[in-house]
Structures are given as structure tokens and as C-alpha cells.
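Protein chains in written order, with the working numbering: chain A, 1 to 290; chain B, 1 to 274; chain C, 1 to 437. Glycine residues also receive a C-beta, built at the ideal position from the N, C-alpha and C atoms.
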Amino acid sequence: MKNQQKQALYGYLYIAPSLILISIFSLIPILMTLYFSFTDYNIIQAPTFTGLKNYIRMLGDPFVVSSMKNTFIFTLFVVPTQTILSMVIASVLAHKFQNKLGGFIKSSLFIPVISSTILVGTLWSFLLATDTGIINTFLALIGLDKVNWLGTKFTSLLSVCLVSIWKNVGYFLVIFYAGIMEIPKMLYESGQVDGANKYQQFWYITMPMLKPITFLVVTLGTIWSFQIFDLVYVMTGGGPGRSTITLVMTIYNTAFKEFSMGYASTISLLLLVFIVIISSIQKLLFKDNY
Amino acid sequence: MNKNTRKISLNYMILVTLLMLIALFAITPFAYMLITSLRQTSSLDLDIQFNALDFTNYSRVVKNFNLLTNFKNSLIVTVCSCLLNAIIASMAAYGFAKKNFPGNKFLFNIYLITLMIPGQVTLIPVFTIMRKLNMLNTYPALIIPILNAFGVFLIKQFMESLPDELLEAARIDGCSEFRIFYLIVIPIIKPVLVSLTVFTFITSWNDFIWPLVIATDSKMHTLTLAISTLKGSYSTNYGLVMAGSTIAFLPPFILYIFLQKQFIEGIAMSGIKG
Amino acid sequence: MKKYLSIIMVGVLLLLTLTNCTPKEVPSDDTSKETTSQSASSSTASQDKEKTELVLWMPPFGTEDALDKSFWEDNLSDFATQNNVELTVEIVPWGNYEEKYLTGITSGSGPDVGYMYIEMISDFINMGAIEPLDSYITQEDRENYLYLDKGFIQGQQYTLPIIVGNARILVGNMDLLNDAGITEVPTTWDELIATGKILREKTPDIIPFAQPWGEPAIGALNSLYYPYLWQAGGEIFTDDASKLALDSPEALEATQFLYDLRFKHDIISENAMSYTNNDVIALLNDEKVALTVIDCTNAAKLGDQGINWDFVPFLTNKSGGTFVAADALIMTSNSDNKELAAKLMKTMTSGDIMTKFHHELAMFPPVAKDEEYNDHAEFKDMYANNAADLRTLPAVAGSFKAYDSLYKNLQLMMMGELSPEEALSYSVEYSENVLSN
Numbered sequence: 001m002k003n004q005q006k007q008a009l010y011g012y013l014y015i016a017p018s019l020i021l022i023s024i025f026s027l028i029p030i031l032m033t034l035y036f037s038f039t040d041y042n043i044i045q046a047p048t049f050t051g052l053k054n055y056i057r058m059l060g061d062p063f064v065v066s067s068m069k070n071t072f073i074f075t076l077f078v079v080p081t082q083t084i085l086s087m088v089i090a091s092v093l094a095h096k097f098q099n100k101l102g103g104f105i106k107s108s109l110f111i112p113v114i115s116s117t118i119l120v121g122t123l124w125s126f127l128l129a130t131d132t133g134i135i136n137t138f139l140a141l142i143g144l145d146k147v148n149w150l151g152t153k154f155t156s157l158l159s160v161c162l163v164s165i166w167k168n169v170g171y172f173l174v175i176f177y178a179g180i181m182e183i184p185k186m187l188y189e190s191g192q193v194d195g196a197n198k199y200q201q202f203w204y205i206t207m208p209m210l211k212p213i214t215f216l217v218v219t220l221g222t223i224w225s226f227q228i229f230d231l232v233y234v235m236t237g238g239g240p241g242r243s244t245i246t247l248v249m250t251i252y253n254t255a256f257k258e259f260s261m262g263y264a265s266t267i268s269l270l271l272l273v274f275i276v277i278i279s280s281i282q283k284l285l286f287k288d289n290y
Numbered sequence: 001m002n003k004n005t006r007k008i009s010l011n012y013m014i015l016v017t018l019l020m021l022i023a024l025f026a027i028t029p030f031a032y033m034l035i036t037s038l039r040q041t042s043s044l045d046l047d048i049q050f051n052a053l054d055f056t057n058y059s060r061v062v063k064n065f066n067l068l069t070n071f072k073n074s075l076i077v078t079v080c081s082c083l084l085n086a087i088i089a090s091m092a093a094y095g096f097a098k099k100n101f102p103g104n105k106f107l108f109n110i111y112l113i114t115l116m117i118p119g120q121v122t123l124i125p126v127f128t129i130m131r132k133l134n135m136l137n138t139y140p141a142l143i144i145p146i147l148n149a150f151g152v153f154l155i156k157q158f159m160e161s162l163p164d165e166l167l168e169a170a171r172i173d174g175c176s177e178f179r180i181f182y183l184i185v186i187p188i189i190k191p192v193l194v195s196l197t198v199f200t201f202i203t204s205w206n207d208f209i210w211p212l213v214i215a216t217d218s219k220m221h222t223l224t225l226a227i228s229t230l231k232g233s234y235s236t237n238y239g240l241v242m243a244g245s246t247i248a249f250l251p252p253f254i255l256y257i258f259l260q261k262q263f264i265e266g267i268a269m270s271g272i273k274g
Numbered sequence: 001m002k003k004y005l006s007i008i009m010v011g012v013l014l015l016l017t018l019t020n021c022t023p024k025e026v027p028s029d030d031t032s033k034e035t036t037s038q039s040a041s042s043s044t045a046s047q048d049k050e051k052t053e054l055v056l057w058m059p060p061f062g063t064e065d066a067l068d069k070s071f072w073e074d075n076l077s078d079f080a081t082q083n084n085v086e087l088t089v090e091i092v093p094w095g096n097y098e099e100k101y102l103t104g105i106t107s108g109s110g111p112d113v114g115y116m117y118i119e120m121i122s123d124f125i126n127m128g129a130i131e132p133l134d135s136y137i138t139q140e141d142r143e144n145y146l147y148l149d150k151g152f153i154q155g156q157q158y159t160l161p162i163i164v165g166n167a168r169i170l171v172g173n174m175d176l177l178n179d180a181g182i183t184e185v186p187t188t189w190d191e192l193i194a195t196g197k198i199l200r201e202k203t204p205d206i207i208p209f210a211q212p213w214g215e216p217a218i219g220a221l222n223s224l225y226y227p228y229l230w231q232a233g234g235e236i237f238t239d240d241a242s243k244l245a246l247d248s249p250e251a252l253e254a255t256q257f258l259y260d261l262r263f264k265h266d267i268i269s270e271n272a273m274s275y276t277n278n279d280v281i282a283l284l285n286d287e288k289v290a291l292t293v294i295d296c297t298n299a300a301k302l303g304d305q306g307i308n309w310d311f312v313p314f315l316t317n318k319s320g321g322t323f324v325a326a327d328a329l330i331m332t333s334n335s336d337n338k339e340l341a342a343k344l345m346k347t348m349t350s351g352d353i354m355t356k357f358h359h360e361l362a363m364f365p366p367v368a369k370d371e372e373y374n375d376h377a378e379f380k381d382m383y384a385n386n387a388a389d390l391r392t393l394p395a396v397a398g399s400f401k402a403y404d405s406l407y408k409n410l411q412l413m414m415m416g417e418l419s420p421e422e423a424l425s426y427s428v429e430y431s432e433n434v435l436s437n
């Protein structure tokens with residue numbers, strides 16, 4: 001008994017530093033956000049209670065509606081694309097290029113990962129400049145029309161999506177690669193004996209074996225996509241119009257340019273609810289297939 | 001036989017070309033950044049005068065924008081974050097994984113929920129808390145928000161596979177709790193600690209929105225933050241902006257070059273055990 | 001790992017000792033501000049060795065080589081010595097101005113004297129963050145300063161204007177215009193349309209009229225939209241500032257004009273949606289743009305690039321009109337040294353220092369009678385003769401939300417998603433909702 005108590009005490013001791021920090025800087029803030037969402041608060045003066053006013057405002061707010069739409073579209077496009085792309089490249093590298101070349105490819109694709117999103121956004125906003133950016137210069141060279149990358153509704157969101165994928169593929173590639181290396185060679189050998197070609201092998205052997213890792217990749221990817229801010233802030237500022245504005249960006253503008261912390265908190269809660277719902281759905285979907 | 005090998009060869013060459021193109025696509029923007037940083041230009045075209053390339057922009061950036069201070073700040077914050085995160089998260093993970101105490105499961109589920117909350121949602125309240133604690137414009141303010149439940153989650157997964165018998169044996173031998181933790185547990189979880197450190201490093205070094213909000217004193221600005229203000233202030237000289245960006249990019253890049261194996265292995269391990 | 005750990009720990013310890021920094025230190029802290037306030041007159045109190053601390057926040061005006069910080073420090077060193085002041089100058093980049101003030105003021109590490117622009121001033125006044133200056137301004141000051149009225153808000157003198165100028169002017173690349181057979185920069189709306197059409201026909205590779213619709217900051221409206229609004233006789237806000245006054249026929253006329261430039265006359269191309277201010281400047285320097293509305297400071301730089309340029313202050317429709325900046329110095333309410341802060345503000349705007357500012361950092365017209373005209377020669381006549389048409393923004397609290405919605409709706413319109421009527425009515429409606437708080 002005494003030993004058990006002693007162990008329990010040690011348990012508390014070990015989690016204490018972390019728990020204290022998480023409580024102060026993660027849990028309490030959530031509760032505060034909940035509180036602020038019912039107030040008008042400009043941070044300098046004390047908050048004034050306003051009931052459901054912020055929630056009502058949010059329902060009809062074109063900025064919030066556009067942000068939600070963009071964030072969803074962004075996530076729906078980016079997550080599957082980067083997952084599949086990284087999985088396929090990992091598979092190709094693992095099966096055919098376990099050599100210096102493969103190492104080089106992996107290393108190169110990882111470089112965008114270590115760079116900051118701000119840097120990436122700035123670089124790409126230069127590369128994608130309509131008249132003078134080198135992407136368009138290149139397109140013109142091979143006889144295609146220049147594209148107004150950051151200037152139309154569709155291409156601006158597309159550009160942000162593509163840059164985000166460009167940045168993160170290397171990260172997921174590494175994870176998938178390691179996962180594929182763990183798959184017993186025997187499975188592939190017997191597959192080949194049974195006459196399966198490489199596409200069938202990928203579909204029936206690689207993909208199922210990678211399920212738990214895919215779950216991790218998809219979950220991480222989704223959470224990151226919902227949080228997209230830095231990239232858009234630097235590349236387009238949310239424009240043109242409301243084409244690329246995201247939820248976090250709206251929260252940020254509302255809090256720090258409009259000085260409406262109360263309303264920003266309301267939108268924050270909306271974001272939180274979305275992420276919880278989507279994460280739960282994903283967990284259910286994947287658990288079924290385990 | 002010959003026909004087959006030639007056919008395979010062709011496919012192989014196509015794959016190689018494709019992969020090389022992809023790799024090139026990944027690297028080219030950074031090469032562009034480097035070249036532009038050596039130019040004095042207010043236009044983005046490729047009309048590069050190779051004999052006019054020099055390091056003027058770099059000396060300007062360093063001299064006029066106090067980037068060395070920003071670099072120092074980024075370094076302090078990042079190193080402290082990595083260290084503290086490794087220590088605190090592994091302690092908590094050990095507690096959750098190996099210690100039986102009432103509320104273990106409940107508290108860990110709370111941790112999982114905080115994982116789902118993006119930092120931006122709690123931005124305003126954390127700012128308010130920091131203000132009340134008089135912590136605005138301080139190093140701890142920059143470091144603490146990076147220490148979150150992710151590390152605990154990652155390490156706990158890894159720790160579950162640690163055999164209890166090993167720990168029991170050490171306990172029976174008279175080893176104190178802390179010595180068990182330090183001498184046995186930590187060395188075994190080394191791979192995931194590396195992984196976490198890599199992740200924390202990248203996150204901390206590149207963090208933008210939090211330093212933007214909490215460190216309004218430009219003496220406390222991190223490098224990433226300072227670079228973002230470059231684009232706004234004097235951005236008509238693109239070379240200058242790129243020089244600043246290169247300076248911000250170099251430390252993680254150099255670290256990556258030297259520790260490439262550990263970086264990649266670390267991320268890989270998190271996938272397998274995650 | 002152990003090895004890495006120990007190396008890193010040693011490194012961190014070294015760094016910490018080198019930087020002489022303990023974690024809880026607040027670099028620009030409030031707590032060391034002296035409470036021994038010195039009355040402005042007894043400036044030579046030699047027994048009191050402790051200096052009063054004053055913090056000044058200014059935005060950057062200089063170039064990469066001319067240092068704003070050292071400019072102010074050098075030129076205010078006399079003031080500092082004479083008043084036993086320890087002056088800290090912080091250069092605040094334009095981009096994140098509001099956040100910096102917000103967090104700075106609430107944490108008590110804000111400035112004593114700072115620079116603000118009109119869009120943000122009313123919000124901070126309403127927060128009680130800005131100190132009225134009436135008691136510090138003498139009759140002599142009132143006769144000297146030219147633009148005090150622009151700082152008179154909500155019945156009090158809240159600001160001291162320091163920069164009034166940088167008008168947004170219509171600039172033309174004369175070489176490109178001449179290539180198409182045009183000899184003068186257009187002066188009316190119809191002339192702009194006609195000129196644009198000729199340019200499209202004769203020199204199709206040149207951008208006839210560039211507008212930076214991709215510029216993220218709402219300040220872009222100053223050159224993109226408000227000039228035309230004023231030229232049509234419209235106003236931005238209603239008199240009681242309860243909503244945008246854009247549901248008027250004048251506003252519709254101006255908005256329709258821009259819409260037609262894009263969709264009817266094809267003088268503004270689709271690419272304009274991606275142009276930031278810098279993109280337009282880059283294109284100007286590359287001689288790809290024939291006409292554009294740009295601020296005086298950047299216009300003047302065209303000469304350095306070897307561009308043969310000319311300008312008109314504004315187009316004329318029912319009247320002339322264009323934007324001119326009126327940025328000002330403010331004193332924060334939680335400053336501990338208000339007398340000295342006021343003195344600092346007046347020193348900064350004195351003829352001597354303003355002359356040097358205009359010569360070394362950036363050129364603007366004088367804000368007081370004790371300074372000669374030190375802006376670019378080209379603009380002297382404009383400032384002298386067109387004062388009535390050089391308009392500043394009204395000081396309205398909460399205007400950011402209204403402007404942001406207006407800007408986004410106008411962008412949507414220029415993308416073809418909204419009609420001019422819709423863009424305006426949505427903006428007015430939105431402004432009614434948010435400004436009624």
C-alpha cells in the first residue's frame with residue numbers, strides 16, 4: 001500500500017511542471033476565451049458583458065463566412081494531396097531508389113520543411129508576381145500565357161494551397177518512407193509471385209500496412225491546415241477580396257486591428273469546435289479500419 | 001532479355017528525371033533567394049549582372065536592422081525551448097506512462113484536448129495572462145507557449161514499450177526514483193527525444209504570430225519576426241529583403257546539413273511509434 | 001544525447017551570461033522611469049543626477065542607409081542634455097503599428113511620445129490612451145503651427161501634426177506617353193479614358209494605368225479610391241460618423257468610373273488585382289507603366305531612376321481632390337513626464353529639426369511657419385495653390401472595420417464579383433452594424 005501511494009505521489013511529481021504550464025497557458029485560456037466571447041473587450045479597458053451579441057454578429061459576418069469557406073476548401077485540397085503525393089514518392093524511393101539519389105531527393109524535399117512559413121510565403125510571392133515573377137517568365141518562355149497567380153479568386157487560393165503542399169511534402173515523405181521500410185519484404189515477394197504488378201502491390205500491400213501512419217499524417221495535416229495563417233498573411237494578406245482569408249487570420253485582424261477581443265474570441269471558439277468535430281470524425285473513421 | 005532491360009531502363013530514366021525535377025523544384029526558390037540577396041534591385045526579373053553581385057545587402061541588414069540581436073533572441077528562445085520541452089515533456093510522459101495515480105487517464109485526455117486547440121485560439125487570453133504576470137517582452141514569454149502537450153503525447157507513446165520489469169529491478173536494487181529516470185529511462189527514449197527536439201527547434205525558430213504579439217519591443221524580436229518587418233519597411237530593394245531572409249534561413253539550414261541523419265531519423269521514428 | 005545536452009546547456013549558460021540577461025528582465029521597462037518629475041523650466045538642476053526617461057516611437061522614413069534612429073538621437077541630443085533626459089528612440093515598422101501600440105500601452109512599456117496616423121487615433125482616444133495637449137499649447141504655438149485643426153478631435157487638441165503632405169498624385173511616364181502621341185498627363189476623367197484607350201491601341205505592351213489592388217493594407221484606398229470619391233463630390237463618412245456615406249449618387253459615380261476603367265474601357269487589366277505598391281513601383285522603374293496614382297515621395301524617386309516623368313495633382317471631375325497624409329505626434333496618457341513630453345514634441349516639430357528631417361530623411365511640406373519649404377521643388381505649387389483639394393481622412397473610431405470591408409468589397413467589384421451598387425451597399429450596411437457600437 002505504502003509503495004503504491006509513494007508511486008502515485010511520484011506520478012504527480014513528474015507530471016507537475018507540465019501540468020502547471022498546461023493549466024495556466026492552455027486550459028485557463030480556453031475558459032477565458034469562452035468568457036470573452038460574451039463580452040466587448042479592447043484589452044485596455046475592462047470587458048463589458050454583451051451576452052450573445054458577438055454570436056449573432058458572427059452568423060451574418062461575411063468575413064467569417066468567407067474565412068470558413070476558404071479554410072475548409074484549403075484543408076480539403078491540401079490534406080489528401082500532400083498525403084497521397086508523399087506516400088507515392090516515398091513508395092517509389094523505397095522500392096527503386098535506396099541509394100544516393102534517393103537520399104538526395106529526400107534531403108532536398110526536406111529543406112522547405114525547415115524554413116519558416118514567412119520566408120516561404122515571401123519567396124513565393126516574389127516568384128509568383130504576375131508581370132515579373134520568374135514562374136510567369138518561365139511560362140512565357142515555353143509559350144504559355146502568364147497566369148495572374150495572386151490576383152484572381154481561384155488562382156490565389158490555389159497558389160496558397162500549392163505552396164503549402166510544397167512546404168510540407170518532405171516532412172510526410174520521411175514519415176511514410178520509414179513506415180514502408182518497416183513493411184516485411186516477404187509480403188511484396190509473395191505478391192509478385194502471385195502476379196501482382198507494382199500498382200496492385202501499392203494498393204493492396206503498401207497502403208493497408210501504412211494505415212496507422214496515414215492516420216497520423218492526415219490528422220497532423222488537418223490540424224495544421226486549419227491553423228493556416230502565416231503563409232496567407234505574407235502572400236496575399238487575405239485578398240484579393242476575401243479569396244484567401246482564413247479563420248485564424250480573421251481572428252487576428254479582429255483582435256489586433258479592430259481591437260475587438262470579445263468578438264475575436266467568439267470566432268476562436270468556432271474554430272475550436274470545428275477542429276474537435278473533425279478530429280473526432282477522423283478518429284472514428286480510422287478506428288473502424290484498424 | 002535485352003528488350004526488357006531497355007524498357008526498364010526507359011521507365012527508370014523517366015522516374016529519375018521526374019524525381020530530379022521535383023527535387024529541383026524544392027531547391028530552386030532558395031537558390032533564387034540567394035542570388036537576389038547579392039543584387040541591388042527593385043525589380044524581380046532575372047536580368048542578373050553577375051559582376052555586380054556583392055554582399056552589400058548583408059552588411060546593410062546587419063548594421064541597420066539590429067539583426068544580430070534578433071538572431072541572439074531566436075537562439076536563446078529556441079535552445080531553451082528545446083531543452084525545457086525535452087525535460088518537462090519526458091518527465092510528464094514518464095508520470096503518465098509508468099506511474100499509477102488517480103486521475104491519470106482523465107488528465108491525459110485533457111492533454112489530448114489541448115492538442116486540438118490551435119495556438120491562435122488561445123492567443124488573446126495567454127497574452128492577457130502574460131500581461132497580468134508582467135511578462136510581456138520577456139524571454140520566458142516567448143519560450144513557455146512552445147512547451148505544450150505534443151511532446152508529452154509523443155514521448156508517452158514511445159515510453160509505453162519500456163519494460164516495467166526493468167524499472168522494478170532497478171528499484172529493488174535500491175536505485176532512487178530520479179536516478180532511474182535519469183540513468184535508465186532517458187537513454188532509452190533518446191530517439192524520440194531527438195525527434196521532439198527537431199520538431200521543437202523548427203517550430204520555435206520559425207514561430208511568427210506569437211512573437212509578433214508578445215514581443216513589441218524590437219529589442220526582443222526574434223529573427224523570423226524581424227524579417228517579416230523587412231518586407232514591409234524597405235521592401236523596394238528586394239535584394240535587401242532576401243538578404244535578411246537568407247540570414248534567418250541559415251541557422252536551421254546549417255544545423256540540418258550537419259545533423260541531417262538525426263533530423264530525418266527523428267521524424268521517421270515519430271511516425272513509426274506514433 | 002547526453003553529450004549534446006551538456007554542450008547545449010553550456011552554450012545556453014554562456015549566452016545568458018554574455019547577454020547579461022536574467023529571464024525576468026524587461027528590456028524597455030517602465031519601472032525604472034523616474035518619478036522625480038522635473039518642471040520644464042528648471043532644466044539645469046545639477047544636484048539631481050538621475051535622468052528622466054522619455055521613450056519616443058517613430059516609424060521609418062529613411063532609406064536603408066539613412067538611419068532614422070540615429071537621426072532622432074543626434075538631433076534631439078541637445079534637448080536631452082538641456083532637460084536632463086535619457087531619450088530612447090524606437091523605430092516602429094509600419095506593418096504592425098496597431099498591435100505594437102496596443103500591447104505597448106497595456107503593458108506599460110509604451111512610449112511617452114509616439115507617431116500615429118488618423119485611422120488609428122480615434123480608437124486610442126476612446127480607450128483613454130491619449131492625453132489632450134490643450135494645456136501645453138501656447139498662443140504662440142497656435143500662430144506658428146499650420147495644421148493644428150487636423151489634430152483637433154472630439155473637441156480637444158489630441159495630436160500635434162508632424163507630417164502633412166505626401167499627396168497622392170497622378171504620375172505619367174512622358175516617354176511612354178509621347179510614344180503613343182500623347183503630350184500631357186490627363187487632367188479629367190474623360191481625358192484619362194481617352195488617353196488610356198490610345199495607349200492600349202498604340203502601345204499594347206505598356207500598362208496604361210496601374211493600380212495596386214493587391215496591396216494588403218487598407219491604406220491602399222488612399223490612392224486607389226478616395227481621390228475619385230472626392231473628385232465626384234462624395235464623402236467617406238457621414239457627418240455623425242455613424243456609417244460610410246457611400247450610398248450617395250456621387251459615390252456611385254466614382255465607383256462606377258473605376259469599374260468601367262476595368263471592365264468597359266479595359267484600361268485597368270486583370271493583373272492589377274495582384275499588384276502591391278512595390279509591384280507598381282517596380283513596373284514604373286522598368287518603364288512598363290504609363291500612368292498611375294502614387295505618393296509624392298515615390299514619385300520623386302523616379303527621377304533618380306532616369307524616368308522622364310510629369311504629374312498633375314489630381315484629376316478633376318466636379319472638383320479636384322486627392323489624399324494627403326496628416327500624421328501626428330501624440331502623448332500617451334500613462335506617460336509619467338507629460339511636461340517634458342510636450343516639450344519634446346515641440347522640439348521635434350521646430351523649424352530647425354524639421355528642416356533637417358526633410359533634407360536627410362524624407363521630404364514633406366512644412367508644418368509650421370518657422371520652416372521654409374523644404375519639399376521637392378515640383379510640388380511647391382501644388383501645396384500652395386491646391387490646399388482645399390488636398391484632403392485628409394476624418395478621425396473616426398472603429399474606422400478600420402469599415403475601411404477593411406469597403407476595401408474587400410471594392411476588390412471583389414474589381415474582380416467582377418460585385419456590381420458597384422452592391423459593393424457600396426454592402427460596405428455601408430456593414431459599417432452601420434459595426435460603427436453603431
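Item: Output the distance between the C-alpha atoms of K167 of chain A and E417 of chain C, rounded to the nearest integer angstrom.; Value: 31 Å
Item: Name, please, each residue of chain B whose Cβ falls closer than 8 Å to the Cβ of E90 of chain C.; Value: D217, S218
Item: Under 8 Å between C-beta atoms, does K153 of chain A make it to chain F?; Value: The structure shown contains no chain F; the protein chains it does contain are A, B and C.
Item: If contact means a Cβ-Cβ distance below 9 Å, which residues of the stretch 409-435 of chain C contact chain A?; Value: N409, L410, Q411, L412, M413, M414, M415, E417, L418, Y426, Y430, N433, V434
Item: Check the Cβ-Cβ distances between S9 of chain B and every residue of chain A, and say whether any is below 8 Å.; Value: no
Item: Would the beta-carbon of E215 of chain C fall within 8 Å of that of G151 of chain A?; Value: no
Item: Helix, strand or coil for P93 of chain C per DSSP?; Value: coil
Item: Leaving out five residues before and five after D68 of chain C in sequence, what residues of the same chain have Cβ atoms less than 7 Å from its Cβ?; Value: M58, P60, F61, G62, I91, L361
Item: I'd like to check one pair, S122 of chain C with A397 of chain C: are the Cβ atoms closer than 8 Å?; Value: yes
Item: Mapping DSSP to helix, strand and coil, what is A395 of chain C?; Value: coil
Item: G114 of chain C by DSSP, collapsed to three states: which one?; Value: strand
Item: At a Cβ cut of 9 Å, what residues of the stretch 228-240 of chain A count as close to chain B, listed as they run along the chain?; Value: F229, D230, Y233, V234
Item: Within 10 Å of its beta-carbon, does R179 of chain B have 16 or more other beta-carbons around it, so buried, or fewer, so exposed?; Value: exposed
Item: CB T71 of chain A to CB S245 of chain B, shorter than 8 Å?; Value: no
Item: Return the bridge partner residues of G172 of chain C from the DSSP annotation.; Value: C:L291, C:D310
Item: Measuring straight from C-alpha to C-alpha, what distance separates V309 of chain A and A248 of chain B?; Value: Residue 309 of chain A is absent from the model: chain A starts at 1 and stops at 290.
Item: Counting only Cβ pairs nearer than 7 Å, list the residues of chain C close to L150 of chain A.; Value: G214, S274
Item: Label D217 of chain B either buried or exposed according to how many other C-beta atoms from any shown protein chain fall within 10 Å of its C-beta, with 16 as the threshold for buried.; Value: buried
Item: In whole angstroms, what is the alpha-carbon distance linking Q305 of chain C and I294 of chain C?; Value: 16 Å
Item: Whole-angstrom Cβ separation of F226 of chain A and L271 of chain A, contact assumed at under 8 Å?; Value: 7 Å
Item: If you follow the alpha helix (DSSP H) that T52 of chain C is in, where does it begin and where does it stop?; Value: Taken as a continuous stretch (DSSP letters only), T52 of chain C belongs to no alpha helix (DSSP H), being part of the beta strand (DSSP E) at 52-58.
Item: Between which residues of its own chain and L390 of chain C is the CB-CB distance below 6 Å, once the five residues before and five after are set aside?; Value: A167, V324
Item: Rounded to the nearest angstrom, what separates T39 of chain A and L76 of chain C at their Cα positions?; Value: 44 Å
Item: What are the start and end residues of each continuous beta strand (DSSP E) run of 3 or more residues lying completely inside the stretch 141-183 of chain B, in chain order?; Value: none
Item: Could you check how far apart the C-beta atoms of Q7 of chain A and N104 of chain B are, in whole angstroms? I think they sit under 8 Å.; Value: About 11 Å separates the two Cβ atoms, so there is no contact after all.
Item: Note down, in chain order, all residues in the stretch 252-281 of chain A with a beta-carbon under 8 Å from any beta-carbon belonging to chain B.; Value: Y252, A255, F256, M261, A264, S265, S268, L269, L271, L272, I275, V276, S279
Item: Taking the continuous beta strand (DSSP E) assigned at G165 of chain C, which residues delimit it?; Value: 160-165
Item: Once DSSP output is grouped into helix, strand and coil, what is the label at Q260 of chain B?; Value: helix
Item: Where are the alpha helix (DSSP H) runs, 4 residues long or more, that stay fully inside the stretch 143-231 of chain A, in chain order?; Value: 153-181, 185-193, 198-201, 211-226
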